[in-house]
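Accompanying notes for the structure given below.
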Amino acid sequence: MPSRASYRDIPLYSPSKARCQVDLSDNTNLFGMPPAAERVLREAAVPLVTRYPVGYSPDLRDAVAHYTGVDTACVTTGCGSDDVIDSTLRAFLEPGDLIAFPAPTFVMMSYFAKVNGLRYAPVTLRPDFDIDVEGLLATQAKLIYVCSPNNPTGTVASRAALEQLIERAPGIVLLDEAYAEFARESHLDLARRPNVLVSRTMSKAFGLASMRVGYAVGSPSLVAEVEKARGPYKVTALSERMAVAALREDVAWMRAKVAESLAVRERLVAELSRMGLTCLPTEANFVMVKLRGALEVAERMRARDVNVRAFAGLPAGIGDALRIGCGPWDVIQTALDALREER
Ligand code: PMP
C-alpha cells in the first residue's frame, strides 16, 4: 500500500496504559468528575447524538472566554489540547520548517513535529529548570513551544524568561498551560501579545480527560488561522455541553479538587524525601522523582498493580526518574508501598 515516506519510521505514540488497579500515570484529576458536567451526561438528549454539533463550538468558545476573561474571538477549541497543538503546527508551519522546545518536555511535541513533517530542536532546560531563552532563540525556529508547568518535570518557566522569549522570538510562541490551575501563577495574559497562543485543557484540573476538550487563547488573527486548520466538528456536542457546564458551574468544585491535589502533593514529596529520594520542584499535580533504574522499578511496580510513568536518561541533569500523579491519599500510599519494596 502506498504510504507517506516520512511516516515509515514513526512508531505509534503509546503511553503505558497497563490496566493497573492504581494508575497514577496520566496526571488526570483522580478526585471525581465535575457535578454539572455529570448532570449533563446523565440528561444528554438523543438529538445531541444524531445531529452534527454546531461548527466551531461557539458555546464552548463563549464559556472558555468567560472562564479565562477574554473575548470569544480570542478562543479556539479542539479534541483535547493535543489536537489544538497539532492544528496550531499545521496552521503556521510548512513541512520542513523548524520548531524548538525545551528538553525534557511533553513527549508528544516531537511526535507532532514528525507527523507534520517538521524538524525540531530540543533545547535542554537550565540547571535551575528554567527555560534557556538564548538557546531557544538561537535555533531561529518559526515556532517555539514552552510547557509551564512542564510535563514531565512539573517545573515552571520564570515570568522574566517567558517575556524575554516572547519579545525576541522571530515567530510564534505556543505556551502550553495544561497544568495552569495547579500552578502558583498563570501566564494567560501573555496571550494578548500578537505572537503568543496559550493552550489549556479540560483533561487535568477539570477531570474531563475522556471527553477530549482543549482550547487555546490568542489574538483573533492567530486564532482564526488555527480554526482553519482544525475544521468545524472537532468537539462532540456532548463534550461541548459537558465542558460548558463545568466551566460555568464547576469552577469552585475544580478549585477545591486542586487544593486537595496540592495537599496530597506536599505529603507525597515529604514521603519521597524521607525515603532519601530527590524530587524536582513541582507546580503541577504530579511529582518527578529521580531514581536510578526507574524503567525497571516501574515495571516491577506494574507487576504489583501500580502504574507510574518512568523515564530514562533525561537531560538537565535529571537522568532516570519516575513521574507520580496525585490522587486520593490511600491510592498514593499503595503506590509508595510498591515503590519502597521495588526500588
Ligand atoms: N499538554 C501537556 C503538557 C500534557 O501533559 C497533556 C496531556 N498529557 C496535553 C497537553 C494533552 O492533553 P489533552 O489532549 O487531554 O488536552
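Residues in the sequence shown are numbered from 1 upward in steps of one, following the UniProt record's numbering. Virtual Cβ for every residue (Gly too), placed ideally from N, Cα, C.
- Shown here for Arg-39: same chain residues with a beta carbon closer than 8 angstroms to its own, the five before and five after excluded, namely Ala-245 in chain order.
- In the DSSP assignment, Pro-102 forms a beta bridge with Val-123.
- In this structure, Asn-307 lies away from Asp-62, with their beta-carbon atoms at least 7 angstroms apart.
- Restricted to the stretch 206-266, the beta strand (DSSP E) segments that are unbroken, complete and at least 3 residues in length are 214-218, listed in chain order.
- In this structure, Phe-311 has its beta carbon at no less than 6 angstroms from each heavy atom of ligand 1.
- Within the same chain, Ala-91 and Phe-92 come within 7 angstroms of Glu-225 by CB-CB distance, once the 5 residues on both sides are set aside.
- Residue pairing by DSSP places Cys-279 opposite Val-289 in a beta bridge.
- If the five residues before and after Val-258 are omitted, its C-beta is found closer than 7 angstroms to the C-beta atoms of Glu-181, Phe-182 and Ala-205, all from its own chain and listed in chain order.
- Taking each of Val-115, Met-108, Glu-163 and Ile-324 in turn and checking the Cα distance to Ile-131, the smallest one comes out for Glu-163.
- Looking at the DSSP output, Ser-199 sits in a beta bridge with Asp-176 and Ala-216.
- For ligand 1, the residues with a Cβ under 5 angstroms from any of its heavy atoms are, in chain order, Gly-80, Ser-81, Asp-82, Phe-106, Cys-147, Asn-151, Asp-176, Ala-178, Thr-201, Ser-203 and Gly-214.
- Residue burial is scored here from C-beta neighbours: Lys-228 has fewer than 16 other C-beta atoms within 10 angstroms and is therefore classed as exposed.
- Bridge pairing for Asn-307: Asp-23 [DSSP].
- For Pro-232, the number of other beta carbons within 10 angstroms of its own is below 16, and it is reported as exposed.
- When rounded, the separation of the alpha-carbon atoms in Pro-35 and Asp-250 is 7 angstroms.
- Between the alpha carbons of Met-288 and Thr-105 lies a distance of about 12 angstroms.
- Boundaries of the beta strand (DSSP E) around Ile-324: 319-325.
- Under the 8 angstroms Cβ criterion, the stretch 169-179 does not count as touching the stretch 40-60, having fewer than three qualifying pairs.
- Note on Ala-256: under 16 other CB atoms within 10 angstroms of its CB, so exposed under the neighbour-count rule.
- By the Cβ-count criterion, Tyr-179 is buried, with 16 or more other Cβ atoms from all chains shown falling within 10 Å of its own Cβ.
- Between Cys-326 and Glu-296, the alpha-carbon positions lie close to 21 angstroms from each other.
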